[in-house]
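Here the protein sequences come in this chain order: A and B.
Okay, so the first sequence: first residue is 1 according to full-length UniProt numbering, each after it adds one.
Okay, so the second sequence: first residue is 1 according to full-length UniProt numbering, each after it adds one.
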Amino acid sequence: CAGEEKRVGTRTVFVGNRPLSETETYVAQRFCDNRIVSSKYTLWNFLPKNLFEQFRRIANFYFLIIFLVQVTVDTPTSPVTSGLPLFFVITVTAIKQGYEDWLRHRADNEVNKSTVYIIENAKRVKKESEKIKVGDVVEVQADETFPCDLILLSSCTTDGTCYVTTASLDGESNCKTYYAVRDTIALCTAESIDSLRAAIECEQPQPDLYKFVGRINIYSNSLEAVARSLGPENLLLKGATLKNTKKIYGVAVYTGMETKMALNYQGKSQKRSAVEKSINAFLIVYLFILLTKAAVCTTLKYIWQSTPYNDEPWYNQKTQKERETFKVLKMFTDFLSFMVLFNFIIPVSMYVTVEMQKFLGSFFISWDKDFYDEEINEGALVNTSDLNEELGQVDYVFTDKTGTLTENSMEFIECCIDGHKYRSETQEVDGLSQTDGPLTFFDKADKNREELFLRALCLCHTVETKTNDAVDGATEPAELTYVSSSPDEIALVKGAKKFGFTFLGNRNGLMRVENQRKEVEEYELLHTLNFDAVRRRMSVIVKTPGGDILLFCKGADSAVFPRVHNHEIELTKAHVERNAMDGYRTLCVAFKEIAPDDYERIDRQLIEAKMALQDREEKLEKVFDDIETNMNLIGATSVEDKLQDQAAETIEALHAAGLKVWVLTGDKMETAKSTCYACRLFQTSTELLELTTKTIEESERKEDRLHELLIEYRKKLLHEFPKSARSLKKAWTDHQEYGLIIDGSTLSLILNSSQDSRSNNYKNIFLQICMKCTAVLCCRMAPLQKAQIVRMVKNLKGSPITLSIGDGANDVSMILESHVGIGIKGKEGRQAARNSDYSVPKFKHLKKLLLAHGHLYYVRIAHLVQYFFYKNLCFILPQFLYQFFCGFSQQPLYDAAYLTMYNICFTSLPILAYSLLEQHIHIDTLTSDPRLYMKISGNAMLQLGPFLYWTFLAAFEGAVFFFGTYFLFHTASLEENGKVYGNWTFGTIVFTVLVFTVTLKPFLKQQRMYFIFAQMLSSVSTWLAVILLIFISLFPEILLIVLKNVRRRSARRNLNCRRASDSLSTRPSVRPLLLRTFSDDSNVL
Amino acid sequence: MAMNCNPKDEVDGGPPCAPGGAAKTRRPDNTAFKQQRLPAWQPILTAGTVLPTFFIVGLIFIPIGIGIFVTSNNIREIEIDYTGTEPSSPCNKCLSSNVTPCVCTINFTLEKAFEGNVFMYYGLSNFYQNHRRYVKSRDDSQLNGDPRALVNPSKECEPYRRNEDLPIAPCGAIANSMFNDTLELFLITNDSDPTPKPILLQRKGIAWWTDKHVKFRNPPGEGTLEERFKGTTKPVNWPKPVYMLDSEDDNNGFINEDLIVWMRTAALPTFRKLYRLIERTDDLHPTLPAGQYYLNITYNYPVHSFDGRKRMILSTISWMGGKNPFLGIAYITVGSISFLLGVVLLVINHKYRNSSNTADTMAF
């Protein structure tokens, strides 16, 4: 019921659906009811809607047409022959879809019929969840899920907060605190809440889970209305669960399909695999073959019939009606008849088999114990089974850095206060730290500065404490655990603890910190200036116990340095850069004292901005910008993010498999670069091309400089790779490797340059450079830019298959954008895993997922598809040839039963089993030799070549079947009792040979048949012929395979010895990593 | 495929399920099937495995082929064309339709005696029994003795369904065009005795058992066959109604074996159909001794209008059926090719191995 046009503007909700005052008349607004409908069909529209959707498929529609032709025109085969398989296919699909929809209905009902309590006229009323209207006051108890999106009015706690876990929404299992508006905190009984007169103005439903803008106007006793701002911290989302709070009251603002959850799970677009495109292309080829055959037969029929005794011999006369029909009409129906006769050349059951293969095959991924991770007690998860084979076709891998290549388990390494270095004691073992060990620990910086710095670390964050046992509320430090959405902050707070400053938690808006002298200091938290990816910093404004107002700010160096006094930067900057090169994540800490009257102004501005209904984000940002200026830099921190287990090996394997790996990260260039070296994305020999703000100096000539650089790099690369892109993969092994580094601002410069024609030009050059580089690192990327890059690569010439892997919410956009999205079940929540097509616990699993599973799935599906076309051509070709011997009379060679059952029973199951279990190369070999992956890249097995190979084999075999039997029939009798066979026996022999051969083709198994057999079985020579014909038809392929194997073996031998000699001379040994990093950077910085 | 979760997850658009009830370990089972480590035998087609196969196939196929070829060659077969289009043919006179009934006689000599059971076929050429209009022009339920279909034959039989408002039994083009030449065989024992000795031709045992006992039945009912076929008329081209095809009751009506054989439509436009059996009398005398024979033909069946030929074939039969050189030759050919390719591949393989060996030595 939520139309697009409704999404703009605001809505007004009257709490409890009561008019604000007697004078105003209450106009009931119409909103959605609280019913969730995720099902596609109802009982009534299932049949027509489902049929309509199924017949939109080319193959199904084609068979429907054939069926209709058979019903209307006099055709050689009965409508059953194509009707039954079609019916079977449609029924199976309908049952599958119906079952899925029934499950959806059941789940919907479970949600819609659950009981909720609503406060009406000061009484608690029990209702079904779907009856909730916008404006109802809802009571929710602990551990219940919210039935719709609610604005928190009051809770049983005195401070009007409640704890909520949004695990089912975004996977973050930590408790989040939500707040009630100050004025309604006290209303925590049914009676008192009933007395509330208030109206909520808020925006129309938006899908963004973390954004909400609204305002509540509270009318108490005919006085002036009090307006309070509402933000996401006041909005309880449907689907989240109430924790650690006995009960809350809230007013429903969005219901049913307008809730943020429902909006979020709609419109996930379906991804289609490239194999399906190949199938459609093949279908068209076969359709063409079919039409040609029918046309040839029709023509020849009329040529043959021009002899009168052929047209109508005395023994076989036409009916009067047949004689009277117009010749043109006759020709047309003849054409249709031939089409019907040969229609089985299009495999009807292929889609069903392919779908079944995909569905069943995907279980192997979730069953794989190598993907199981002890830590999170989970294995891989398959969200879409449609893309299995796409895993074997990936050309580009886009990976996030933090949490994907690295563990995202942060450890505080060191800090620097006013340029003096402090190392955490635990790091003593490290060789470097021995020189400035614990002895020199504290006498470097001024004591006050030190404490200020540590206080800043303790205060400037959004960490929450969780005491393991909340009953006594004791602040026993041992039981203190920190919870936060950002692991960096936890690492920092823990780091401060090591130096003696312990954050004890929030209580009534006071932040409690225990200092080195075991005294508890309390700071009043006035404002939090939240972190976001654009600002790359966060601040808090606190009031010290002494009454001073301080602002603490921490953020990325690039975000902080411009906002502090210049003279302080130098020392810290050197430190930060060195740490960044070591691969640490660095943050700078600054502070500022705010004069009381200044604060009043700031306070007013902040509240004003927070109250804004429109453009709140922009306004807030502007205010933040104003506040965070003229700060004093205190120091910097560095936190280490360890590389994930086997990340480097995985990247190397992917490289060896011919994939291009791009790292897209929001992190600093230096940090990202060192991580890239550590995980061997860049080798020692890799020459780096940089397109960053550093290389393009800040000046008006930015674009010109950029242009120069682009041209220069292109020249360099073109000189290196004069050959085409195809040979590039091979070239990698021998040639100089190039790596490209680009950052967010340069990228946006390239993509959105001022002059249109020029920007297009930039983009092209940039793409050319990208394609020639083995590895690309994009740092300082905003989430949207990640998706932009993916889209850009996706639209390259030849439309390469892209894969994105990431773990956080900021990767969701690129995961959705790429062909295959892989989520890592990481620490930053489950959003990425939820939106992905496949999710795995660790980055290293990508190797087996692509190299083994992807490869196998691709080979399997390719064989399956080729085989389907092959077997149907084999099947129909004898029928076509038979027309030459029966006067082009459309006499079917096979009995109707064979025609009907061939695809359904006789031949589909063996290939299905084959396509599920086939392992042409052992899994271990596949994972250990990544170069095998290159063999199937570019959809190699479904190209024209293999397709023609299969087609010609099919043609050969079909011809053997037919002519073998034809010559066999030139005898008086095939039986020892001298009896004679008829035309149906002919067809059955052909069919027997066909089924045997087609089944033997993928593996040695047997199939049985029925009836006319009884007679045929008794004939020895029939059997001999069957054996012979099977052998003849399989013969050329055996021969080809053998020849190929002989060649390949010798080729491999040659390769082996060449590689052996190579490895002696050129292969560099694994170099000491960090050493290399330093020397490399020296020529860039 | 959210196996650990509500199935709603796997379909698009469904709200997520609440996690829970999944406390137990989700470690996948370590079974051979789930880990895709099922033991498998794969016929790896390499030179090592295929070369012996080629030789073995060659060694098996060639003897089989020779065996078949010899067996086929031992089969005696004689074919006599009696179409009569050549002016010299004794049956030339029967081409004009004014001589009825037309009887002609053809002399022939058997050089060697035919041992064992001898089968007599008639063969037709350029006769499209497999034409679709022809093949479907029959009513199987009528032939199976269904009383309703007997008086009301299927529409498929058109235009041979009714004649002067009476239903035709058996209806359809196939039955209507049933072969109706009569062939008789005489042996001229010696030149001195001019009276030829007639050869006994068995009319029964020429149809498939399933056809004779399952597919074809006379209409049920009491009384003679004629009464049971009451209300029907004979096919237009037939001289006699269906109940007068034979004198014996178990070979009359729909279960007349000549009819049954004819009704099984041939696969190709040139075909043979079994006409009569000549059973072996005793072990001492050959069934058909060498000598002079003459074939007595009552010429009824017109084929020259569609450029067809008529033949009479006498053939003995082996375990593998009638004379068929194709199968033997094919086996020998395929066997030889297989063997030859085996040799060629062996040479190629050997050469490659040698050359790569030299490459190895050169590289090091």
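The beta carbon of each residue, even a glycine, is placed where N, CA and C say it ideally should be.
Everything numeric in this text was worked out from a predicted model, so none of it was measured.
Burial state of Val589 of chain A (16 or more Cβ within 10 Å) = buried
**Asked** The beta strand (DSSP E) with Asp250 of chain B in it runs from where to where?
**Response** Here Asp250 of chain B belongs to no beta strand (DSSP E), and DSSP marks it neither H nor E.
| Quick one: is Gln320 of chain A near chain B, going by C-beta distance under 9 angstroms? | yes
Does the distance between the C-beta of Asn761 of chain A and the nearest non-hydrogen atom of the ligand ATP fall short of 8 angstroms?
Because no ligand of any kind appears in the structure shown, any question about the ligand ATP cannot be addressed here.
- Query: What does Glu158 of chain B touch in chain A if you count any residue whose Cβ is under 7 angstroms from its own?
  - Reply: Thr319
Counted within 10 angstroms of its Cβ, other Cβ atoms place Lys351 of chain B as buried (16 or more) or exposed: exposed
- Message: Within a Cβ cutoff of 7 angstroms, which residues of the same chain sit near Arg228 of chain B, ignoring the five residues on either side of it in sequence?
- Response: Asn218, Pro219, Gly221
Compare the beta carbon distance of Leu152 of chain A and Asn234 of chain A with 9 angstroms and say whether it is the shorter of the two. yes
* Report the neighbours of Asn50 of chain A on chain B: residues whose CB is nearer than 7 angstroms to its CB, in chain order. => None at all; the shortest Cβ gap to chain B is about 14 angstroms.
Limits of the alpha helix (DSSP H) - the one that Trp102 of chain A falls within: Looking at the DSSP string, the run of the alpha helix (DSSP H) that includes Trp102 of chain A is 79 to 112.
Q) Using a C-beta cutoff of 9 angstroms, does Leu95 of chain B count as contacting chain A? A) no
Let me confirm a value: Phe63 of chain A is counted as buried when at least 16 other C-beta atoms fall within 10 Å, else exposed. Which label applies? Residue environment for Phe63 of chain A: buried (at least 16 other C-beta atoms within 10 angstroms of its C-beta).
Using CA coordinates, which residue listed in A:Cys460, A:Asp488, A:Pro545 is at the minimum distance from Leu529 of chain A? A:Cys460
task = From the DSSP output, in three-state form, read off Gly16 of chain A for me.
result = helix
**Prompt:** What is the DSSP secondary structure of His213 of chain B, counted as helix, strand or coil?
**Reply:** helix
- request: Please work out which residues of its chain come closer than 7 angstroms, Cβ to Cβ, to Val348 of chain A, disregarding the five sequence neighbours upstream and downstream, and give them in chain order.
  value: Ala59, Phe63, Pro85, Leu86, Val89, Asn903
(Q) Runs of 4 residues minimum, wholly inside the region 636 to 724 of chain A: which ones carry the alpha helix (DSSP H) assignment? (A) 647 to 656, 669 to 678, 702 to 720
Asn107 of chain B: buried (16+ other C-beta within 10 angstroms of its C-beta) or exposed?
exposed
For this session: Count the other CB atoms, across all protein chains shown, that sit within 10 Å of the CB of Gly20 of chain B; report buried if there are 16 or more and exposed otherwise.
Result: For Gly20 of chain B, the predicted model reports a pLDDT of 38, less than 50, meaning its position is unreliable and no value from the coordinates is stated.
query: What residue from B:His213, B:Lys240, B:Lys204 has the CA that sits closest to Glu226 of chain B's CA?
result: Ranking B:His213, B:Lys240, B:Lys204 by Cα distance to Glu226 of chain B puts B:Lys240 first.
### Own chain partners of Gly823 of chain A with C-beta closer than 6 angstroms, once the 5 adjacent residues on each side are dropped
Ala832, Ala833, Ser836, Ser839
With DSSP run on the structure shown, which of helix, strand or coil describes Pro196 of chain B? Here Pro196 of chain B sits in coil by DSSP.
inquiry  = So, with DSSP's three-state summary, where would you put Leu793 of chain A?
reply    = Sequence inspection shows Val at residue 793 of chain A; the Leu mentioned does not correspond to that position. In this structure, Val793 of chain A counts as helix in the three-state DSSP scheme.
> If we ignore side chains and look at the alpha-carbon of each, how far apart do Asp139 of chain B and Asn310 of chain A end up?
Replying inline: Cα to Cα, the separation comes out at about 24 angstroms.
In angstroms with no decimal places, state the Cα-to-Cα distance between Pro892 of chain A and Thr85 of chain B.
34 angstroms
Q.
Let me make sure I understand the geometry here. Which of B:Leu51, B:Asp181, B:Phe326, B:Pro325 has the alpha-carbon closest to that of Thr298 of chain B?
A. B:Asp181
Mind checking Phe326 of chain A: buried by the 16 CB within 10 Å criterion, or exposed? exposed
**Item:** Any chain B beta carbon closer than 9 angstroms to residue 1095 of chain A
**Value:** The shown model of chain A, from 1 to 1085, leaves out residue 1095 of chain A, and the question about it has no answer.
- Following the continuous alpha helix (DSSP H) through Val998 of chain A, name the residue where it begins and the one where it ends. 983 to 1000
Taking Ser177 of chain B as part of the alpha helix (DSSP H), name the residues at either end of that continuous run. Segment: none, Ser177 of chain B is in no alpha helix (DSSP H) and carries neither H nor E.
Whose C-beta lies closer than 7 angstroms to the C-beta of Glu312 of chain A among residues of the same chain, with five residues either side of it excluded?
-> Lys318
Handout entry: Glu258 of chain A - partner residues in DSSP beta bridges
Key = DSSP, once it has assigned bridges, lists no residue as partnering Glu258 of chain A.
Which residue or residues does DSSP assign as beta-bridge partners of Arg423 of chain A? A:Glu414
With 16 other CB atoms within 10 Å as the buried threshold, where does Pro28 of chain B fall?
buried
Residues near Gln434 of chain A by beta carbon distance below 6 angstroms, same chain, minus five either side | Confidence in Gln434 of chain A is poor, its pLDDT being 37 and thus under 50, which makes the residue's placement unreliable; the coordinate value appears in the next sentence. Once the five neighbours on either side are set aside, Gln434 of chain A has no close Cβ partner at all.
- Item | Short-range partners of chain C found in the region 285 to 315 of chain A, where Cβ spacing is below 8 angstroms | Considering every chain present, this structure includes no chain C. Its protein chains are A and B.
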